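Here the structure comes first, spelled out in structure tokens, and everything after it is commentary.
In UniProt numbering, the protein residues as written are 1 to 65.
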């Protein structure tokens, strides 16, 4: 089955014309993340629990990057 890659509806050109962002897809038992400007460069694979934790930290602005 081919993954259905999705990106945020907020990335639809409303950010100064830039539409590059992270894309997400459900991959069998895991979640895939990839860069929309380089989709053929591969993707990260996370468990659903790890993906949920990443989203929660991002929403809290709790990532130390």
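Don't be surprised by glycine CBs; every beta carbon is placed ideally from N, CA and C.
Note that this is a predicted model, so its numbers are computed, not measured.
Using a Cβ-Cβ cut-off of 6 Å (strictly less than) and excluding sequence neighbours within five positions of residue i, which residues of its own chain qualify?
| i | result |
| --- | --- |
| residue 46 | 31 |
| residue 27 | 3 |
Rounding to the nearest angstrom, what Cα-Cα distance links residue i and residue j in this structure?
| i | j | result |
| --- | --- | --- |
| residue 64 | residue 57 | 10 Å |
| residue 72 | residue 59 | In the structure as shown, the chain starts at 1 and stops at 65, and residue 72 therefore has no counterpart that could be examined. |
| residue 72 | residue 7 | Nothing can be reported for residue 72, as the shown portion of the chain is limited to 1 through 65. |
| residue 44 | residue 51 | 11 Å |
| residue 11 | residue 20 | 7 Å |
| residue 49 | residue 5 | 19 Å |
For residue i, which residues of its own chain have a beta-carbon under 7 Å away from its beta-carbon, when the five flanking residues on both sides are left out?
| i | result |
| --- | --- |
| residue 14 | A caution first: residue 14 carries a pLDDT of 47, below 50, which makes its placement in the model too unreliable to give a value. |
Quiz item: What residue ranges within the UniProt domain "DUF397" (4 to 59) form continuous beta strand (DSSP E) runs of no fewer than 3 residues, ordered along the chain?
Solution: 22 to 27, 30 to 35, 44 to 46
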